[in-house]
Amino acid sequence: MKKKVSLPMQILIALVLGIVVGLICSAAGWKDFTANYLKPFGDIFVNLLKFIVVPVVLFSMIDGILSMNDMRKVGSVGIKTVAYFMVTTAIACVIGLVFANVFNGAGLFPILDPNQAEYEAKEFGGFMSTLVSIFPTNMWKSFTDANMLQVIVISLFFGGSILAAGEKAKLCRDIVGSFYSVIEKLMAFVISLAPIGVFTYMAWVVATQGSEILVSLLLVIVCAYLGYIVHAIVVYSLSAKIFAGMSPVKFFKGAFAAMVFAFTSTSSAATLPVSKECAAELGAEDDIASFVLPLGSTINMDGTAIYQCVATVFLASCANIHLTIGQMVIVVVTATLASIGTAGVSGAGMIMLAMVLETLSIPVAYIGLIVAVDRIFDMGRTCLNVTGDISCSLCVTQWEGKKK
Ligand code: ASP
Numbered sequence: 271m272k273k274k275v276s277l278p279m280q281i282l283i284a285l286v287l288g289i290v291v292g293l294i295c296s297a298a299g300w301k302d303f304t305a306n307y308l309k310p311f312g313d314i315f316v317n318l319l320k321f322i323v324v325p326v327v328l329f330s331m332i333d334g335i336l337s338m339n340d341m342r343k344v345g346s347v348g349i350k351t352v353a354y355f356m357v358t359t360a361i362a363c364v365i366g367l368v369f370a371n372v373f374n375g376a377g378l379f380p381i382l383d384p385n386q387a388e389y390e391a392k393e394f395g396g397f398m399s400t401l402v403s404i405f406p407t408n409m410w411k412s413f414t415d416a417n418m419l420q421v422i423v424i425s426l427f428f429g430g431s432i433l434a435a436g437e438k439a440k441l442c443r444d445i446v447g448s449f450y451s452v453i454e455k456l457m458a459f460v461i462s463l464a465p466i467g468v469f470t471y472m473a474w475v476v477a478t479q480g481s482e483i484l485v486s487l488l489l490v491i492v493c494a495y496l497g498y499i500v501h502a503i504v505v506y507s508l509s510a511k512i513f514a515g516m517s518p519v520k521f522f523k524g525a526f527a528a529m530v531f532a533f534t535s536t537s538s539a540a541t542l543p544v545s546k547e548c549a550a551e552l553g554a555e556d557d558i559a560s561f562v563l564p565l566g567s568t569i570n571m572d573g574t575a576i577y578q579c580v581a582t583v584f585l586a587s588c589a590n591i592h593l594t595i596g597q598m599v600i601v602v603v604t605a606t607l608a609s610i611g612t613a614g615v616s617g618a619g620m621i622m623l624a625m626v627l628e629t630l631s632i633p634v635a636y637i638g639l640i641v642a643v644d645r646i647f648d649m650g651r652t653c654l655n656v657t658g659d660i661s662c663s664l665c666v667t668q669w670e671g672k673k674k
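Residues 271 to 674 in this note's numbering are what the sequence shown lists, from first letter to last.
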């Protein structure tokens with residue numbers, strides 16, 4: 271019998287092929303070919319993922335809450351999850367700042383002319399108005415806008431209310447269970463197309479990233495990637511080992527498919543179906559993973575936090591601003607909050623960077639200096655974001671004493 275190639279293996283092959291084809295196209299001057307004929311297939315795939323993400327989050331979270339069957343248990347899982355997210359994100363900020371300051375102190379960051387920067391930042395209404403906007407006024411609008419924080423709030427309310435209604439809500443329970451089974455089938459189908467998405471996106475990125483701007487910002491990119499790698503190795507290896515009782519090698523092997531997928535798609539939300547498969551393979555309890563992963567893909571962004579810290583120090587140096595220790599503390603707090611507010615979609619972390627810069631009175635237009643290579647930063651930060659979600663689902667499974 272022919273052995274079927276596993277999904278992580280297929281994704282790895284697609285990644286390597288994508289790089290090779292991208293290099294060939296770049297050398298042959300066929301950038302337009304990758305943009306016009308390869309990328310659209312990646313776009314179709316990402317569209318499909320986006321199309322299922324709202325029902326996946328909605329039904330996955332409600333189903334997770336119903337399986338826990340007790341609001342106290344939901345509360346206990348929720349507190350552990352949010353605590354893990356906050357602590358690891360704060361550590362990520364510190365790691366990002368340490369690397370950025372070492373690079374900056376050693377004069378490794380290029381000094382770019384801020385006059386070249388052109389970027390129109392989004393206005394932020396402040397913390398309280400952001401808090402208010404998490405609560406939906408019209409749930410259909412939350413679904414059509416794919417406002418994931420609102421979808422999470424809706425899931426919590428419906429899950430809790432179905433539990434509270436007891437026997438009378440039996441029909442609702444069955445409907446959720448039935449829909450969730452359908453969504454799972456749909457997810458499995460879309461995930462089976464992942465290698466196509468990985469291949470086409472990778473070929474396009476490799477062929478089209480402008481090499482000049484890439485070279486001038488190379489050390490800033492290297493700095494961010496060092497932060498991502500150190501965070502993954504230190505924080506996730508340790509949590510796998512200490513909290514989830516698993517060897518780091520097993521953890522990273524199990525999370526590999528989701529990591530590669532996140533790396534190429536640059537969207538935690540789009541990677542959700544793949545993360546769920548990986549977490550289940552690694553032994554995360556189903557009801558816990560169904561709760562933790564959708565939440566994580568929306569609010570847990572360690573990679574984004576590292577990126578925002580590195581970018582802030584770099585842009586401050588371009589503006590000739592030297593950040594004091596007090597300002598660094600502000601960076602940790604605002605980057606943690608900004609990463610929570612970052613949506614799990616491509617490029618969102620750069621938009622939220624404006625919030626950190628604004629707090630420090632660094633002109634937000636300076637983001638224009640790094641916008642051209644944002645995808646490169648985004649690939650690494652999304653990969654880290656997703657790894658953190660999977661790691662959390664395993665730790666909470668262990669803390670709840672439910673390791674399979
Ligand atoms: N693309 C990232 C994610 O989906 C968010 C970001 O841009 O930082 O996790």
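Cβ atoms here follow ideal geometry from the backbone N, Cα and C, with glycine treated the same way.
Closer than 7 Å: residue i CB and nearest the ligand ASP heavy atom
| i | result |
| --- | --- |
| M398 | no |
| R651 | yes |
| S587 | no |
| V475 | no |
| G619 | yes |
| A528 | no |
| M571 | yes |
| D648 | yes |
| V452 | no |
| S616 | yes |
| N655 | yes |
| A539 | yes |
| T582 | no |
| T252 | There is simply no residue 252 to check, as the chain begins at 271 and stops at 674 in what is shown. |
| T606 | no |
| T675 | Coverage of the chain is limited to positions 271 through 674, which leaves residue 675 absent and any answer about it impossible. |
| T536 | yes |
Selected residue, minimal CA-CA separation from residue i, among the options
| i | options | result |
| --- | --- | --- |
| E628 | T612, F405 and V601 | V601 |
| M649 | A618, T594 and V421 | A618 |
| I335 | P465, A559 and E454 | A559 |
| F513 | S616, I610 and S661 | S661 |
| V485 | G614, S631, F397 and A642 | A642 |
| Y577 | I361, F526 and D383 | I361 |
| G292 | A540, A528 and T478 | T478 |
| I381 | S296, P278 and N590 | N590 |
| F427 | A370, C653 and D333 | D333 |
| I610 | F373, I404, L487 and D383 | I404 |
| P633 | T657, C588, V286 and G658 | C588 |
| T667 | I621, T304 and S346 | S346 |
Per-residue burial, residue i [other beta carbons within 10 Å of its own, 16 or more giving buried]
| i | result |
| --- | --- |
| T568 | buried |
| P310 | exposed |
| K674 | With a pLDDT of 47 at K674, under the threshold of 50, the modelled position of this residue cannot be trusted, and the question is left open. |
| L308 | buried |
| T414 | exposed |
| F321 | exposed |
| C665 | buried |
| E555 | buried |
| R342 | exposed |
| V402 | exposed |
| E547 | buried |
| M398 | exposed |
| V562 | buried |
| S631 | exposed |
Practice problem: Please confirm if the region 321-339 is in contact with the region 446-455, defined as three or more CB-CB distances below 8 Å between the two stretches. | Solution: Segments in contact, yes.
Practice problem: Count the C-beta pairs between the region 348-361 and the region 431-447 that are closer than 8 Å, then say yes if the count reaches three, no if not. | Solution: Between the region 348-361 and the region 431-447 there are fewer than three C-beta pairs closer than 8 Å, too few to call the two in contact.
Quiz item: Counting Cβ pairs, one atom from each stretch, are 3 or more of them under 8 Å apart for the region 453-466 and the region 580-600?
Solution: no
Quiz prompt | At least 3 beta-carbon pairs within less than 8 Å: the region 488-507 vs the region 572-586 | solution = yes
Practice problem: Pair every Cβ in the region 294-301 with every Cβ in the region 518-534, then say whether three or more of these pairs are closer than 8 Å. | Solution: no
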